[in-house]
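**Student:**
2 protein chains.
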Amino acid sequence: MTAFDDLMAFQHETEALAQVAGRLAWDQETVMPRGAAAQRAEEIGALESVLHARRADPRIGAWLAAIDDSGLDPVGAAKMRHIRRTYSRAVKLPEKLSAELARVTSRAQGIWAEARAADDVAHFLPVLERVVGLKREEAAALADGGDPYDALMDDFEPDATAAETGAMFDRMRPRLVMLRERVMGGPRPAPLRGHFPEAGQMKLAHEVARHFGYDFRHGRLDKSVHPFTSGAGTDVRITTRVDEAEPFNCLYSTIHEVGHGCYEQNIDPAFALTPLGNGVSMGVHESQSRIYENQLGRSRAFTGWLFSRMQEVFGNAGAADPEAFHAAVNRVHSGFIRTEADEVHYNLHIMMRFDLERQLIGGSLDVADLEEAWNTRFAHDFGVAVDRPSNGVLQDVHWSVGLFGYFPTYALGNVYAGCLNLALRAALPDLDDQLAQGHTEGATAWLKEHVQRHGGLYPPREVIERACGFAPNEGPLLDYLDAKFGALYGV
Amino acid sequence: MTAFDDLMAFQHETEALAQVAGRLAWDQETVMPRGAAAQRAEEIGALESVLHARRADPRIGAWLAAIDDSGLDPVGAAKMRHIRRTYSRAVKLPEKLSAELARVTSRAQGIWAEARAADDVAHFLPVLERVVGLKREEAAALADGGDPYDALMDDFEPDATAAETGAMFDRMRPRLVMLRERVMGGPRPAPLRGHFPEAGQMKLAHEVARHFGYDFRHGRLDKSVHPFTSGAGTDVRITTRVDEAEPFNCLYSTIHEVGHGCYEQNIDPAFALTPLGNGVSMGVHESQSRIYENQLGRSRAFTGWLFSRMQEVFGNAGAADPEAFHAAVNRVHSGFIRTEADEVHYNLHIMMRFDLERQLIGGSLDVADLEEAWNTRFAHDFGVAVDRPSNGVLQDVHWSVGLFGYFPTYALGNVYAGCLNLALRAALPDLDDQLAQGHTEGATAWLKEHVQRHGGLYPPREVIERACGFAPNEGPLLDYLDAKFGALYGV
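Quick mapping for you: the protein sequence lines, in order, are chains U and A. Following the working numbering, the numbering of the first sequence begins with -13 at its first residue and continues without gaps. Following the working numbering, the numbering of the second sequence begins with -13 at its first residue and continues without gaps.
Have a look at this one:
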């Protein structure tokens, strides 16, 4: 056995244990008995402490020192790139800081939930202050004198920088605000009307998942409070939720998670339980969920097919005709909540959070001033005033659990989806004819071939550039949004 | 922190990881996507290797050497008893032997399944020979010059010996054979007739589980191919199976697993995630499942209530009246398969396996002669000739996976259940009146108080003796069987 073989064998076991942690999380959100939460926290804590010890195991340092990457094939070199990066992050973080972050964010999440339920910002701010302080320490430890926010973002979107991302967001924002103002100035299409029983929604959700290529031999579809995807390789599970008055919640959550799920399912099986066996970044992951959900799932062509299936399943699609149905699917509405936002508003939510959290980590914004900063920015970008904290600064769980640098990957995913959509439609000129028949396999095969199968083989921007033939940029997404909503709203 | 505190903290994490392994096993048998089996084996292997390393961790040896048990309270002393026993077993086993056993039994289980499906003993014997050889090595390593079979049994039923167990089985066997002959000589009661849809069976199974005190806030009831119980503390899950022509399969599997599940759920919460936080032995565990299933669940009183509920749920209980229903529940039938055996035949199955496996481990029986030995003994004890290997020596998975010394705990559990039933009925003279109303809480409260809450606090025989007020022995079980089946069959 060479040092490379030893390291890969060790890593294989770590990856398998990480999958186990994923199963526990899935179990907790779907099937765990209600009274098991405290014991489950102990179980997860024990497994996380095993994983933490393995990720910072000094043997890894010795193996890394003994391996000459230049002698490796591209797959071996890509594996080394991931392991070197993860290990270097692990050893930079003082054990004491990691433990304190785990302790404080676990407490902060509970306090955030209380504060949100009571609409009481003051209850949350002291612990958020503590979280931000610790994240600043973490960022400084990781940054080696570089931009501290970049160091946090790197955990979710390797090689992305706040400066580049921020510059791109600054170019996007005026066009999005303008589009929002044009669209919101005109008449509103009607939302869906009707009652759509859960059994029918879940049946249709399974059918739609199958249509989009989700493989039930290697996956499941269940219900949970918040939809999510978990697992990798041959065991990738997705969830959705059901509102009997609003079937799009179930159906488009399903299509969104199917995008994440198919990405994981379609990675080259040779990469399973290696550092290449997961989606390469949150941004690329989100590009898959978003292109499935929006550019494919919310297209006029596909919604025409869905309209017919809704009529067959529920006896009533909730709209007069396919045009009204398509308009309802894509209804732009003023709203406070990011997770309920339409395609026009969504990125504005992200850009606001990105700017605010970058200032928090950089030290130019105090936690005490966060709510005011949020409300001022919201009024400007969304044209309405935040009515209460649970609709404003308290709405997202992310900051309470220490997720700083994660939000921008949602908008990056949308940008990547815009690029991929342009390339995909150039490659498949008759795509709309296929989608109108409910056939997505042309599109999903293209995405599998050009993006998904590579897993972690190429860096995030490179995988998008290889697929599209051009460097990722915001243009295609903005053009797509202008064209789609311009036509829908006649503006 | 003292050595005792350090050891307990380490043990707490090990127990939590063992619970995680239990969740994985539950997942595999209930909800895992079909195509995930190979990856799951990797996940389980990684977690088992973490657990194995922890159980033989040399730090445990140092802590054990530093702790003076005589200064501990009874709970601390009981914890030490378990940890010293487990550690001493772990360090006696050469790493190489454990790994080889894991490798060979994993392969043997697959070969056994093929052999059983093809009714081909010769296909299985070579690998069984290898398993038996390794188990003999393991037994010799563990036995320190004592009885090797005792050393294997000790893993499932601490402190039990083959000599005592064998002597007791030899006393039981003639009375059971005689009872079988008397019962089988007379007329046979009719089995249940009807169609019992799955939805109704599962509804009734949930209801019956609740009636027997199973706590769904800390548990679940699902379907699996083979019913089982998994987990401990606040997350204890049971499964059952459904045959629409034969509802007793579902209902009595449920009640059986509820006995196991309630034992785990009712252990003193202070013992959670300590060595005292599980049922103390397989025999005591089986005593709980058996007394719930048989002495309570198959009693004339309880079946009267069940008859009414079956009528309400299915519109038809499958029998003319409560007497015929009770006779059908307790129908004694000739059969080859242990898991389908009635109360009269069940222990005969066990005793046969106990004698054969004791001879295999002791070396007085060769694997090559096993089938003949099985068939000869079966004809004698059961009065019928085995028709094919899948109904004979190939029927159980146990030996293929290296479970030697496990079978006798099933019959020990029945013996313990007989003792507990005697004591329970003395303590609750109106128990039948309660059961006739579907009320089992008097019985289950007594079992919780006298057996279940103690978890691993007392050694197995001691917990039964404390509950009953007398040393466990086979008399009460045999008297109960003679009385019950004598009355049912008029013999």
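For each residue, glycine too, the CB sits at the ideal point set by N, CA and C. None of the values given here were measured: they were computed from a predicted structure.
Run through DSSP, which three-state label would Ser285/U get?
**Tutor:** Ser285/U falls in the coil class under three-state DSSP.
**Student:** Scan the region 198 to 217 of chain U for residues whose Cβ lies nearer than 9 Å to a Cβ of chain A and list them as they occur along the chain.
**Tutor:** So the list reads Asp201, Phe202, Arg203, His204, Gly205, Arg206, Asp208 and Gly217, given in the order they occur along the chain.
**Student:** Between the beta-carbon of Lys121/U and the beta-carbon of Gly348/U, is there less than 8 Å?
**Tutor:** It is not a contact, given that the beta carbons lie outside the stated cut-off.
**Student:** For a cutoff of 8 Å on Cβ pairs, would you count Leu406/U as touching chain A?
**Tutor:** Judged by the 8 Å Cβ criterion, Leu406/U is not in contact with chain A.
**Student:** Going along the region 31 to 64 of chain A in order, which residues come within less than 8 Å of chain U, judged by CB to CB distance?
**Tutor:** Listed by position, the residues of the region 31 to 64 of chain A near chain U (Cβ gap below 8 Å) are Gly31, Ala32, Leu33, Ser35 and Val36.
**Student:** Leaving out the 5 sequence neighbours to the left and right, which residues in its chain are closer than 6 Å to Ser376/A when beta-carbon positions are compared?
**Tutor:** Cβ neighbours of Ser376/A beyond the five flanking positions: Arg102 and Asp105.
**Student:** Please confirm if the region 266 to 282 of chain U is in contact with the region 389 to 406 of chain U, defined as three or more CB-CB distances below 8 Å between the two stretches.
**Tutor:** Taking 8 Å as the limit for Cβ pairs, the verdict is that the region 389 to 406 of chain U does touch the region 266 to 282 of chain U.
**Student:** Under a CB-based cut-off of 8 Å, is Arg9/A close to chain U?
**Tutor:** It does; some Cβ of chain U falls within 8 Å.
**Student:** Answer with yes or no whether the minimum CB distance from Val17/A to chain U is below 8 Å.
**Tutor:** It does: the Cβ of Val17/A has a partner Cβ on chain U nearer than 8 Å.
**Student:** Round the Cβ separation of Ala7/A and Glu28/A to the nearest angstrom and send it over; I've been treating them as touching at under 8 Å.
**Tutor:** Incorrect: roughly 14 Å between the Cβ atoms, too far for contact.
**Student:** Ala176/A to Arg411/A, Cα distance in whole Å?
**Tutor:** Going from the Cα of Ala176/A to the Cα of Arg411/A covers about 30 Å.
**Student:** My assumption, with CB atoms under 8 Å, is that Asp208/A sits in contact with Thr220/A. Please give the rounded CB distance.
**Tutor:** In fact, because the Cβ distance is near 17 Å, the residues do not count as touching under 8 Å.
**Student:** Report the three-state DSSP secondary structure of Ser216/U (helix, strand or coil).
**Tutor:** DSSP places Ser216/U in strand when its eight states are reduced to three.
**Student:** Excluding five sequence neighbours on each side, which residues of the same chain lie with their C-beta closer than 7 Å to the C-beta of Leu464/A?
**Tutor:** Result list for Leu464/A: Met158 and Arg161, in chain order.
**Student:** List the residues of chain U that Glu(-1)/A touches, going by C-beta distances under 9 Å, in chain order.
**Tutor:** Per Cβ cutoff of 9 Å: Glu28, Gly31, Ala32, Ser35 and Val36.
**Student:** By DSSP, does Val379/U sit in helix, in strand, or in coil?
**Tutor:** DSSP places Val379/U in coil when its eight states are reduced to three.
**Student:** Got a sec? Which residues, its chain only, sit under 8 Å from Gly441/U by beta carbon, not counting five neighbours each side?
**Tutor:** The residues are Ile253, Asp254, Phe257, Leu262, Gly263, Asn264, Gly265 and Val266.
**Student:** Can at least three beta-carbon pairs, one atom from the region 327 to 336 of chain A and one from the region 295 to 315 of chain A, be found at a separation below 8 Å?
**Tutor:** The region 327 to 336 of chain A vs the region 295 to 315 of chain A: no contact.
**Student:** Since Phe390/U contacts Leu138/U with CB under 8 Å, what's their CB separation in whole angstroms?
**Tutor:** Yes, they are in contact, since the Cβ atoms of Phe390/U and Leu138/U sit about 5 Å apart, within 8 Å.
**Student:** Taking Cβ positions only, does Gln5/U come closer than 8 Å to chain A?
**Tutor:** By this cut-off, Gln5/U is an interface position.
**Student:** With H, G and I counted as helix, E and B as strand and the rest as coil, what does DSSP make of His206/A?
**Tutor:** First, the amino acid is wrong: residue 206/A is Arg here, not His. Note: Arg206/A maps to strand in three-state DSSP.
**Student:** Mind listing the chain U neighbours of Thr220/A? Cutoff is C-beta to C-beta under 9 Å, in chain order.
**Tutor:** Neighbours of Thr220/A on chain U, chain order: Pro19, Gly21, Ala22, Ala23, Ala24, Gln25 and Arg26.
**Student:** Can you tell which of Leu282/U, Ala146/U, Leu406/U and Gly217/U has the C-alpha that lies nearest to the C-alpha of Pro19/A?
**Tutor:** Per the Cα distances, Gly217/U.
**Student:** Would you report the Cα separation of Gln381/A and Ala127/A, rounded to the nearest angstrom?
**Tutor:** Distance between the alpha carbons of Gln381/A and Ala127/A: 29 Å.
**Student:** So who's on the other strand from Thr226/A, going by DSSP bridges?
**Tutor:** Beta-bridge pairing links Thr226/A to Lys209/A.
**Student:** Are the beta-carbon atoms belonging to Pro394/A and Ile336/A less than 8 Å from one another?
**Tutor:** Yes; because the gap between Cβ atoms is below 8 Å, this pair is in contact.
**Student:** Any C-beta of chain A sitting closer than 8 Å to the C-beta of Asp13/U?
**Tutor:** Output row for Asp13/U: interface = yes.
**Student:** Cβ of Ala371/U less than 8 Å from any chain A Cβ?
**Tutor:** Chain A contact via Cβ: absent.
**Student:** Does the pairing of the region 107 to 119 of chain U with the region 233 to 241 of chain U give three or more beta-carbon distances under 8 Å?
**Tutor:** Touching, no, given that fewer than three Cβ pairs across the two stretches are closer than 8 Å.
**Student:** When DSSP labels each residue in this structure, what does Asp468/A get in the three-state scheme?
**Tutor:** Looking at Asp468/A - three-state DSSP - the assignment turns out to be helix.
**Student:** What is the rounded straight-line gap between the Cα of Asp419/U and the Cα of Val194/U?
**Tutor:** So the alpha carbons of these two residues sit roughly 17 Å apart.
**Student:** From the beta carbon of Ala258/U, is the nearest beta carbon of chain A less than 8 Å away?
**Tutor:** Ala258/U counts as touching chain A.
**Student:** In chain order, what residues of the same chain have a beta carbon less than 7 Å from the beta carbon of Gly283/U, not counting five sequence neighbours either side?
**Tutor:** If we look at Gly283/U and ignore the five residues flanking it on each side, its Cβ neighbours are Tyr238 and Ile241.
**Student:** Could you work out which residues of chain U lie near Ala88/A, taking near to mean beta carbons separated by less than 9 Å?
**Tutor:** Ordered by position in chain U, no residue passes the 9 Å Cβ test against Ala88/A, which lies about 15 Å from the chain.
**Student:** For the region 67 to 143 of chain A, which segments carrying the alpha helix (DSSP H) assignment without a break, of at least 4 residues, lie completely within its bounds, in sequence order?
**Tutor:** Within the region 67 to 143 of chain A, the complete alpha helix (DSSP H) runs of at least 4 residues are 81 to 104, 107 to 129 and 134 to 139.
**Student:** With a cut-off of 8 Å on the beta carbons, I'd call Leu474/U and Asn316/U a contact; round off their distance for me.
**Tutor:** That pair is a contact at about 6 Å.
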